[in-house]
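With the numbering used here applied, the sequence shown closes on residue 729, and no number is skipped along the way. Cβ coordinates follow ideal geometry from the N, Cα and C atoms, glycine included. Just so we're clear, the structure is a prediction, and the values are computed from it rather than from any experiment. The structure under discussion appears below in the form of structure tokens.
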Amino acid sequence: MTLKKWILVALIAAVVVGFIAGGGSELLTLENLKENQQSLGNWIDQNLLVAVLGFVAVYVVVTALSLPGAAIMTLAGGAFFGNLYGLAAVSIASTIGASLAFLVARFLMRDTLRKRYGETVAKMDRGIEKDGAFYLATLRLVPVFPFFLINLAMGLTAMKLRTYALVSWIAMLPGTFVYVNAGTQLGQIQSTGDIVSADLLLSFALLGLFPLIAKFVVGFIRRRKVYAGWQKPEHFDYNLLVIGGGSAGLVSAYIAAAVKAKVALIEKHKMGGDCLNTGCVPSKALIRSAKAADTLRHANRYGLESVPVKGSFKNIMNRVKDVVAKVEPHDSPERYRKLGVDCIAGEASFVSPWELEVRHNDGRTERLTARSIVVATGGKPAVPPIPGLKEMQPLTSDNLWDLQEQPERLLVLGGGPIGSELAHAFARLGSKVTQVEMGERLLAKEDVDVSELIVKQFQADGVDVRLKHSAVEFRIEEGEKVAYCEHEGERVRIPFDQVLVAVGRAANTTGLNLERIGVDTLPNGTVPVEEDMSLRYPNVFACGDVAGPYQFTHAAAHQAWYAAVNGLFGQFKRFKVDYRVMPWVTFTSPEVARVGLSEAEAKAQGVAYEVTRYGLDDLDRAIAESEDHGFIKVLTPPGKDKILGAVVVGSHAGEILAEFTLAMKHGLGLNKILGTIHPYPTWNESAKYAAGEWKRAHAPEGILKLLEKLHGWRRGKNTNTPRSIYAPD
1 MTLKKWILVA
11 LIAAVVVGFI
21 AGGGSELLTL
31 ENLKENQQSL
41 GNWIDQNLLV
51 AVLGFVAVYV
61 VVTALSLPGA
71 AIMTLAGGAF
81 FGNLYGLAAV
91 SIASTIGASL
101 AFLVARFLMR
111 DTLRKRYGET
121 VAKMDRGIEK
131 DGAFYLATLR
141 LVPVFPFFLI
151 NLAMGLTAMK
161 LRTYALVSWI
171 AMLPGTFVYV
181 NAGTQLGQIQ
191 STGDIVSADL
201 LLSFALLGLF
211 PLIAKFVVGF
221 IRRRKVYAGW
231 QKPEHFDYNL
241 LVIGGGSAGL
251 VSAYIAAAVK
261 AKVALIEKHK
271 MGGDCLNTGC
281 VPSKALIRSA
291 KAADTLRHAN
301 RYGLESVPVK
311 GSFKNIMNRV
321 KDVVAKVEPH
331 DSPERYRKLG
341 VDCIAGEASF
351 VSPWELEVRH
361 NDGRTERLTA
371 RSIVVATGGK
381 PAVPPIPGLK
391 EMQPLTSDNL
401 WDLQEQPERL
411 LVLGGGPIGS
421 ELAHAFARLG
431 SKVTQVEMGE
441 RLLAKEDVDV
451 SELIVKQFQA
461 DGVDVRLKHS
471 AVEFRIEEGE
481 KVAYCEHEGE
491 RVRIPFDQVL
501 VAVGRAANTT
511 GLNLERIGVD
521 TLPNGTVPVE
531 EDMSLRYPNV
541 FACGDVAGPY
551 QFTHAAAHQA
561 WYAAVNGLFG
571 QFKRFKVDYR
581 VMPWVTFTSP
591 EVARVGLSEA
601 EAKAQGVAYE
611 VTRYGLDDLD
621 RAIAESEDHG
631 FIKVLTPPGK
641 DKILGAVVVG
651 SHAGEILAEF
661 TLAMKHGLGL
671 NKILGTIHPY
681 PTWNESAKYA
691 AGEWKRAHAP
701 EGILKLLEKL
711 HGWRRGKNTN
721 TPRSIYAPD
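As structure tokens, this is what we get:
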């Protein structure tokens, strides 16, 4: 911090200390105002100009330094100067004070924040540049946050001072008038009878109704602004149109049909989306085959004779397709038509916020209208622009399932959940797998101890894990496919037969014509959604992978509920999406399942926590199944049993995690889990034992020592000395 900044901080501190020491907080109270009303009023009548100027100066200081008493001074403005002069004095003073606070915050903190959090500040500035004035006006009109916080927060943005001052002055006028007007009535209270006067009751009614009226006005203005230039249809073909037949789209359509709304679901490819056709279902089927191969290969663990695994990869992939075919009817057009959904095979693009142009797969084109539209177009594997990679005809989670021959040497790019799951599965099926991750560890969103355990297991199962390796080039050298990676300043050569790219996913927005309705995608490719899942317009929504931030089937279904319900009933009541308890599972072996905070996240957020661990090597069921490895880790506040987060690493981790997820969702602590009867021997007993570890660590030592003395006293004075029951008396 520079010398100028230190001087300013010292000056502000001196004024604040002087204000407190001088009894400023006691002076600016309603009681003091009433007590001195008569004498102050007489003085003001004789010195009106000096009084107004002095009032403005004090108000500016109080507002600029965020000192307590601004509300009382606003009432005093009305009480002593009336509506006209009071409103003028307060509005000018509050604007000047807010602007000074804005400038002080910018001078002291913006440069520091920009250096430390450049990307975040840049993103914030882009939003302010686009809609900053409107959001500032909303905050001023509907005081969700205290005004002093708005002054400080806006000072950290790139908003221009003149914009800030002008918008603040205009937007604060209605609220200022309400308070000043209330002050004029308070100034007239001379007896208890005055309290129930019509004018005073009206002033207080305005105080209570103002936030509601302002909220309605802001909503009306926002709707008029966002829909400007669009002509709303007089009638609609549907209540809800859903684009995309994946998890999010299916749930949205199902909910609409369940409440008897007229709904159409538009899907250009296969119903079920990635989860059914290229994601969750086929990958878990492949992982199960890989686990069976591992069991046969290590049958000696179970007292049987281990055997070489000889399987047809083609048969394995045929089984995967059979599994998909067996699940497919759950998501089929026939099923959804029976539920009341119009299933349309085609591609949709926006014409307006209420109208879509649909290009049917048979070549027909038509336009459909709906009161609300849900975008649920999902995502696709991201393929990085590495030189030579496209020439390798890379595998992704989309085209992997067309393989008929098993790669002898498989190179996997990416150490996230998808890359790790498939790398481990192919290694267990017999491929020689090299997994390349540019970061320092696999599963980077998990804690270090989780990543270390997974790497250790991968290496034991033959996966060649290359951390801190960044793929920079692909070539064909003498008929052999080769990848070159940068590793700690050296160039590493890795030969392979097939490469599987699993470095992330990108949202599907191509062909939607979002630019037609003024929607820009975010840098990561997703569309920007509000807390109610709306997409710029109150009647247009997005959910699932196309919206983010989570790319899980269950997260898509969770978001879809909010999108559908708000789309159908949002004019009456809107629900904000709740991500507080979002579980996920990585289906490696051992599985990794987590809900809530990790240790790394708790530290980054400054959340105080304790860690309770329970090793699955102590669980009877795990021992019986020779799966006695892994652990449970639970984060709780110091001294409390509230669950902040839990991670399970081991066999059946996904099923074990469900108990912690349920507890977190409904506010149940570890004591409730400990007090619940769990059947023996089951995997879920581990949740109870983890709770028992917490209880043991928080046992009341003082009470236990007293109980020990009590039991000793009840046994008698000399019973502490053991003696044989055969000894003579």
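Tell me, to the nearest whole angstrom, how far the beta carbon of residue i is from that of residue j; I am working on the premise that it is less than 8 Å.
{"i": "A345", "j": "Y238", "result": "Going by Cβ atoms, the distance from A345 to Y238 rounds to 17 Å, so no, they are not a contact pair."}
{"i": "L108", "j": "A64", "result": "Actually they are not in contact, since the Cβ atoms of L108 and A64 sit about 13 Å apart, beyond 8 Å."}
{"i": "K695", "j": "L674", "result": "6 Å"}
{"i": "F541", "j": "A556", "result": "Contact flag wrong, Cβ pair sits at about 13 Å."}
{"i": "F313", "j": "Q406", "result": "4 Å"}
Can you list, in chain order, the residues of its chain whose CB lies under 6 Å from that of residue i, leaving out five sequence neighbours each side?
{"i": "K432", "result": "R409"}
{"i": "T396", "result": "P381 and V501"}
{"i": "F496", "result": "R409, L411 and K481"}
{"i": "E437", "result": "G415 and L467"}
{"i": "H469", "result": "V436, C485 and H487"}
{"i": "A51", "result": "I44"}
Please state whether the Cβ-Cβ distance between residue i and residue j is less than 8 Å.
{"i": "Q457", "j": "V465", "result": "no"}
{"i": "I623", "j": "V634", "result": "no"}
{"i": "M533", "j": "Q559", "result": "yes"}
{"i": "A593", "j": "V519", "result": "no"}
{"i": "I454", "j": "F350", "result": "no"}
{"i": "V412", "j": "Q435", "result": "yes"}
{"i": "V56", "j": "I12", "result": "no"}
{"i": "V324", "j": "L265", "result": "no"}
{"i": "A653", "j": "E591", "result": "yes"}
{"i": "G596", "j": "A646", "result": "yes"}
{"i": "V358", "j": "A348", "result": "yes"}
{"i": "S247", "j": "V374", "result": "no"}
Using only the alpha-carbon positions, how far apart do residue i and residue j sit?
{"i": "I725", "j": "E708", "result": "Any answer about I725 is weak, because its pLDDT of 48 lies below 50 and its placement is not dependable; what the coordinates show is given next. Using only the alpha carbons, I get a separation of about 23 Å."}
{"i": "V242", "j": "G692", "result": "48 Å"}
{"i": "N315", "j": "G650", "result": "29 Å"}
{"i": "W740", "j": "E334", "result": "Since the displayed the chain opens at 1 and closes at 729, residue 740 lies outside it and no answer follows."}
{"i": "A10", "j": "T2", "result": "13 Å"}
{"i": "H298", "j": "G311", "result": "16 Å"}
{"i": "G567", "j": "K573", "result": "10 Å"}
{"i": "E625", "j": "H487", "result": "40 Å"}
{"i": "Q393", "j": "L670", "result": "51 Å"}
{"i": "L442", "j": "W6", "result": "45 Å"}
{"i": "E515", "j": "A258", "result": "32 Å"}
{"i": "S168", "j": "C543", "result": "35 Å"}
{"i": "I72", "j": "A182", "result": "11 Å"}
{"i": "L8", "j": "A105", "result": "11 Å"}
{"i": "I195", "j": "A171", "result": "Interpretation of I195 is limited by its pLDDT of 39, a score under 50 that renders its predicted location unreliable; the figure taken from the coordinates is listed afterwards. Those two C-alpha atoms are separated by around 30 Å."}
{"i": "T526", "j": "G548", "result": "6 Å"}
{"i": "P384", "j": "S289", "result": "30 Å"}
{"i": "V17", "j": "F102", "result": "21 Å"}
{"i": "V180", "j": "L149", "result": "22 Å"}
{"i": "A423", "j": "G489", "result": "26 Å"}
{"i": "H554", "j": "A483", "result": "36 Å"}
{"i": "A122", "j": "G245", "result": "35 Å"}
Excluding the five sequence neighbours on either side, which residues of its own chain have a C-beta within less than 7 Å of the C-beta of residue i, listed in chain order?
{"i": "A690", "result": "T612, Y614, I632 and V634"}
{"i": "I287", "result": "E421, A425 and F587"}
{"i": "R505", "result": "G379, K380, P381, A382, D545 and Q551"}
{"i": "T163", "result": "A133"}
{"i": "A732", "result": "This structure leaves residue 732 out entirely; the chain is present only between 1 and 729."}
{"i": "P637", "result": "A608, Y609 and L644"}
{"i": "K665", "result": "V581"}
Excluding the 5 residues flanking residue i on each side, which residues of the same chain have their C-beta closer than 8 Å to its C-beta?
{"i": "Y227", "result": "P353 and Y537"}
{"i": "L296", "result": "S306, V307 and V309"}
{"i": "I386", "result": "A471, V472, E473 and F474"}
{"i": "V58", "result": "M73"}
{"i": "L512", "result": "I243, A348, S349, F350, V375 and T377"}
{"i": "P700", "result": "none"}
Strictly by DSSP, which residues pair up with residue i?
{"i": "Y484", "result": "E473 and R493"}
{"i": "S534", "result": "F541"}
{"i": "H360", "result": "G346"}
{"i": "P528", "result": "Per DSSP, none; premise fails for P528."}
{"i": "P638", "result": "Partner(s): none; P638 has no beta bridge."}
{"i": "I373", "result": "L241 and V540"}
{"i": "G379", "result": "A507"}
{"i": "T434", "result": "L411 and D464"}
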